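Chains W and H, in that order, are what the protein sequence lines are.
Per this note's numbering, the very first residue in the first sequence carries number 10; after that it's consecutive.
Per this note's numbering, the very first residue in the second sequence carries number 203; after that it's consecutive.
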Amino acid sequence: MGKILMKGNEAIGEAAIRAGCLNYFAYPITPQSEVAEYLARRMPEAGGVFLQGESEVAVSYMIFGASGCGERAFTTSSSPGISLMAEGMSYIAGGECPAVFVNIMRGGPGLGGILPSQADYLQATKGAGHGDYRMLVLAPASVQEAVEMVMTAFPLAEKYRNPVMILGDGLIGQMMEPVEFPDHLKTEPSNKDDWATNGMDTRKSDRRNLVKSLYLDPELLNSHNLKLKAKYDRMKREEIRYETYHTESDYRVLIVSYGTMSRVCRTAIDELRSQRLDVAMVRPKTVFPFPEQAVLVASEKESCEQVISIEMSMGQMVEDVERSVRGKRQVHWFGKCGGEVPTPEEVIDAIKALVK
Amino acid sequence: MGKIFCKPVSLSDQATHYCPGCTHGVIHRLVAEVIDELGVRGRTVGIAPVGCAVLAYNYFTFDFQEAAHGRAPAMATGIKRVRPDLIVFTYQGDGDLASIGMSEIIHAANRGEKFTTVFVNNAVYGMTGGQMAPTTMPNQRTTTSPFGRNVEEVGMPIKVAELISALETPAFISRQSVIKPKYVVRAKKAIKRAFQYQIEKRCFSLVEVVSTCPTNWGMTPVEAVQWAEDVMHPYYQLGDKKSPDPIKDKED
Ligand SMILES: Cc1ncc(C[n+]2csc(CCOP(=O)(O)OP(=O)(O)O)c2C)c(N)n1
Ligand code: SF4
Chain W
10 MGKILMKGNE AIGEAAIRAG CLNYFAYPIT PQSEVAEYLA RRMPEAGGVF LQGESEVAVS
70 YMIFGASGCG ERAFTTSSSP GISLMAEGMS YIAGGECPAV FVNIMRGGPG LGGILPSQAD
130 YLQATKGAGH GDYRMLVLAP ASVQEAVEMV MTAFPLAEKY RNPVMILGDG LIGQMMEPVE
190 FPDHLKTEPS NKDDWATNGM DTRKSDRRNL VKSLYLDPEL LNSHNLKLKA KYDRMKREEI
250 RYETYHTESD YRVLIVSYGT MSRVCRTAID ELRSQRLDVA MVRPKTVFPF PEQAVLVASE
310 KESCEQVISI EMSMGQMVED VERSVRGKRQ VHWFGKCGGE VPTPEEVIDA IKALVK
Chain H
203 MGKIFCKPVS LSDQATHYCP GCTHGVIHRL VAEVIDELGV RGRTVGIAPV GCAVLAYNYF
263 TFDFQEAAHG RAPAMATGIK RVRPDLIVFT YQGDGDLASI GMSEIIHAAN RGEKFTTVFV
323 NNAVYGMTGG QMAPTTMPNQ RTTTSPFGRN VEEVGMPIKV AELISALETP AFISRQSVIK
383 PKYVVRAKKA IKRAFQYQIE KRCFSLVEVV STCPTNWGMT PVEAVQWAED VMHPYYQLGD
443 KKSPDPIKDK ED
């Protein structure tokens with residue numbers, strides 16, 4: 010299959026189907042309603058389930074129920090809706106079920122705005138709901154990458170039996186770009202007979218399965234949390250993804266940026282380098298786990314004077330960057346969070362102000 | 203001579219944590235008997251609520267999921283939509299279903315989700331220590347209505363069975379009681395019918411069960427039964443409220 014031109018939101022819906030996920034539950038919200046509109050037609054055609062829930066709260070439990078009984082399920086929403094789903098995410102992580110949540114972020118807090126932002130970084134990476142849990146968070150920078158990340162999200166969610174989030178800014182959902190879909194994923198959620206409530210008849214033994222997150226005994230709850238922690242530690246060892254730009258040669262400034270913002274930074278870096286100001290970038294593709302080591306190594310370069318986190322939020326990623334840099338370089342911030350994506354010129358000015 | 207009365211296979215041997223005189227245990231047994239009789243244990247998934255019955259899965263012997271407070275109907279929807287062949291029921295208290303989870307139950311019922319809800323109405327929040335529920339009776343004292351439920355301030359108790367029956371979508375909705383043996387027999391019939399409608403993929407089904415909470419009512423089990431009959435039964439009229447067949451008007 011060749012490339013086709015598709016809007017990000019529609020491509021995300023199609024990617025899920027091609028990942029073998031035929032169950033979608035959602036509640037409309039700008040700027041991602043096109044996923045639901047696309048799947049309302051496409052899911053029945055693919056023989057799948059499409060259901061518009063009564064609220065994002067309900068939707069997160071529809072996902073939990075479906076994945077708890079061993080079927081692939083996913084939902085999409087945007088910032089205010091994700092806040093409502095946060096309760097469900099905590100229960101799904103506690104109940105150790107796989108699930109995929111897509112957040113096409115808009116500005117906040119509160120109703121904020123409907124234009125692109127990256128204002129849910131902390132919510133996504135530090136745990137949106139209550140309790141000791143984490144989600145694997147993938148941050149695409151193009152429609153093509155969104156498609157690929159959606160398709161890898163399902164096997165990852167199943168590998169860890171934990172929710173996985175695709176964290177895209179509004180532009181990822183709204184822009185049209187050429188995409189090429191990888192081959193269909195034919196895999197089934199593996200080992201589901203060991204844990205899913207798919208009915209005792211499906212299993213050889215008389216064992217019944219239980220999906221739950223309540224452990225009233227403090228020792229049992231502690232060991233449950235240690236087991237979850239071991240999964241998050243394993244994610245840190247095995248799932249970190251990032252991309253570097255011009256980190257091989259010398260540079261005075263290191264940018265850390267992700268999603269649509271990183272594309273603007275690339276343009277700015279090209280321009281700055283043509284003006285003989287060398288700048289490089291580390292782009293996290295997973296924001297949890299964060300590519301700490303890659304940022305540390307890049308910041309330790311002799312020529313590197315400063316590090317700057319450039320994001321469409323008020324510096325939410327700065328603490329992850331500072332943590333990675335370990336005090337060895339000064340970490341700055343530049344960004345906007347009203348719905349406008351900073352222009353390459355604005356990025357250039359911010360960098361020049363650092364090294365003047 | 204063989205055994206003529208024994209514990210349902212769907213019920214485990216574990217002693218329950220329910221208080222003496224609590225009717226949760228009776229309702230568990232009815233559900234287990236019905237599942238045994240219908241032969242669906244191997245494809246049943248129960249959904250536990252948040253409330254005194256959160257540990258219900260310790261007493262049943264088939265697959266179970268545990269929901270967050272009030273969300274059981276959404277969870278059941280998720281399961282039933284992706285695996286329509288499974289037999290799914292939610293088991294919910296009145297705080298769980300009629301307060302925090304009102305939206306989930308109304309919408310699941312209105313969509314005609316083909317699962318069954320067993321709704322335990324004991325007029326209080328049991329698990330958290332007897333606070334006022336949407337079903338608490340007028341003037342009933344609870345830990346958060348120490349002077350009695352003031353209907354001027356918080357309205358009248360919600361009649362869930364009637365409320366859901368008002369929806370246009372076909373459903374089987376019944377209110378029963380388990381406070382005396384004669385009621386228990388009828389309650390079982392209703393629960394069985396509810397599961398049968400599900401098995402036949404006919405409609406959503408809900409059986410509200412008038413129950414006791416002697417602990418939080420501050421009564422002995424005997425007093426509790428009497429209070430339920432004297433105070434709850436006249437307000438929460440028993441009988442089938444709606445069925446997918448023409449309604450049988452059977453109030454008793
Ligand atoms: C989101 C949330 N809010 C509050 C609670 C605390 N809580 C636990 S059980 C319960 C009430 C249960 O009452 P009911 O549903 O009537 O069941 P019963 O215990 O009477 O059987 C509450 C408020 C909770 N667990 N989760
Ligand atoms: S507190 Fe009430 S509802 Fe809960 S187990 Fe005791 S008697 Fe039953």
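Yeah, the Cβ is synthetic: ideal placement off N, Cα and C, and Gly gets one too.
These numbers were taken from a predicted model, which means no experiment stands behind them.
Starting from residue i, find everything on chain H with Cβ-Cβ shorter than 9 Å and list it in chain order.
{"i": "L60/W", "result": "T279, G280, R283, R313"}
{"i": "F110/W", "result": "Here the premise fails: no neighbours, minimum Cβ distance about 14 Å."}
Can you check whether the C-beta of residue i is within less than 8 Å of a C-beta belonging to chain H?
{"i": "R51/W", "result": "no"}
{"i": "M209/W", "result": "yes"}
{"i": "V220/W", "result": "yes"}
{"i": "T84/W", "result": "no"}
{"i": "Y100/W", "result": "yes"}
{"i": "N32/W", "result": "yes"}
{"i": "L237/W", "result": "no"}
{"i": "T39/W", "result": "no"}
Measuring only the C-alpha atoms, how far is residue i from residue j?
{"i": "C415/H", "j": "A426/H", "result": "7 Å"}
{"i": "G182/W", "j": "L235/W", "result": "36 Å"}
{"i": "H255/W", "j": "C313/W", "result": "12 Å"}
{"i": "I393/H", "j": "M71/W", "result": "24 Å"}
{"i": "K16/W", "j": "V146/W", "result": "22 Å"}
{"i": "D192/W", "j": "V242/H", "result": "39 Å"}
{"i": "N341/H", "j": "R351/H", "result": "4 Å"}
{"i": "T246/H", "j": "A278/H", "result": "11 Å"}
{"i": "M160/W", "j": "S322/W", "result": "27 Å"}
{"i": "F299/W", "j": "P293/W", "result": "7 Å"}
{"i": "I160/H", "j": "A274/H", "result": "Examination of residue 160/H is not possible in this model, given that chain H is present from 203 through 454 alone."}
{"i": "C30/W", "j": "P383/H", "result": "49 Å"}
{"i": "H226/H", "j": "P351/W", "result": "60 Å"}
{"i": "P436/H", "j": "V173/W", "result": "51 Å"}
{"i": "S214/H", "j": "A49/W", "result": "43 Å"}
{"i": "S42/W", "j": "N18/W", "result": "8 Å"}
{"i": "D454/H", "j": "A270/H", "result": "Residue placement at D454/H is flagged as unreliable, the pLDDT there being 49, under the threshold of 50; the coordinate-derived value follows with that caveat. So the two alpha carbons sit approximately 35 Å from each other."}
{"i": "E247/W", "j": "V316/W", "result": "26 Å"}
{"i": "C274/W", "j": "I264/W", "result": "8 Å"}
{"i": "V66/W", "j": "P125/W", "result": "23 Å"}
{"i": "A389/H", "j": "A255/H", "result": "18 Å"}
{"i": "L93/W", "j": "G74/W", "result": "17 Å"}
{"i": "P210/H", "j": "D238/H", "result": "7 Å"}
{"i": "Y33/W", "j": "A20/W", "result": "14 Å"}
Please decide whether residue i counts as near chain W, where near means a Cβ-Cβ distance under 8 Å.
{"i": "V247/H", "result": "yes"}
{"i": "L288/H", "result": "yes"}
{"i": "R343/H", "result": "no"}
{"i": "G441/H", "result": "no"}
{"i": "G244/H", "result": "yes"}
{"i": "Y399/H", "result": "no"}
{"i": "Y259/H", "result": "yes"}
{"i": "V409/H", "result": "no"}
{"i": "A270/H", "result": "yes"}
{"i": "V256/H", "result": "yes"}
{"i": "R377/H", "result": "no"}
{"i": "D454/H", "result": "Because D454/H carries a pLDDT of 49, less than 50, the predicted location of this residue cannot be relied on, and the following value inherits that uncertainty. No, no contact with chain W."}
For residue i, go through chain H and note every residue whose CB falls closer than 7 Å to its CB, in chain order.
{"i": "I72/W", "result": "G280"}
{"i": "R217/W", "result": "T263, F264, D265"}
{"i": "E80/W", "result": "V284, R285"}
{"i": "L223/W", "result": "V256, E268"}
{"i": "E96/W", "result": "A270"}
{"i": "T206/W", "result": "V247, D265, F266, Q267"}
Given that residue i touches chain W, what residues does it touch there, using C-beta distances under 9 Å?
{"i": "S305/H", "result": "E63, S64, V66, A67"}
{"i": "L309/H", "result": "Rather than Leu, the amino acid found at residue 309/H in this sequence is His. Those are G62, E63, S64, A67, listed as they occur along chain W."}
Going along chain H in order, which residues have a C-beta closer than 8 Å to the C-beta of residue i?
{"i": "G77/W", "result": "Q267, M277, G280, I281"}
{"i": "E154/W", "result": "Going along chain H, no residue has its Cβ under 8 Å from E154/W, so there is no contact; the nearest lies around 28 Å."}
Which residue or residues does DSSP assign as beta-bridge partners of residue i?
{"i": "D178/W", "result": "M114/W"}
{"i": "M15/W", "result": "E186/W"}
{"i": "F163/W", "result": "In DSSP, F163/W forms no bridge with anything."}
{"i": "F176/H", "result": "Outside the displayed span of chain H (203 to 454) sits residue 176/H, for which this structure offers no information."}
{"i": "I375/H", "result": "L408/H, K444/H"}
{"i": "Y254/W", "result": "M290/W"}
{"i": "N32/W", "result": "V58/W"}
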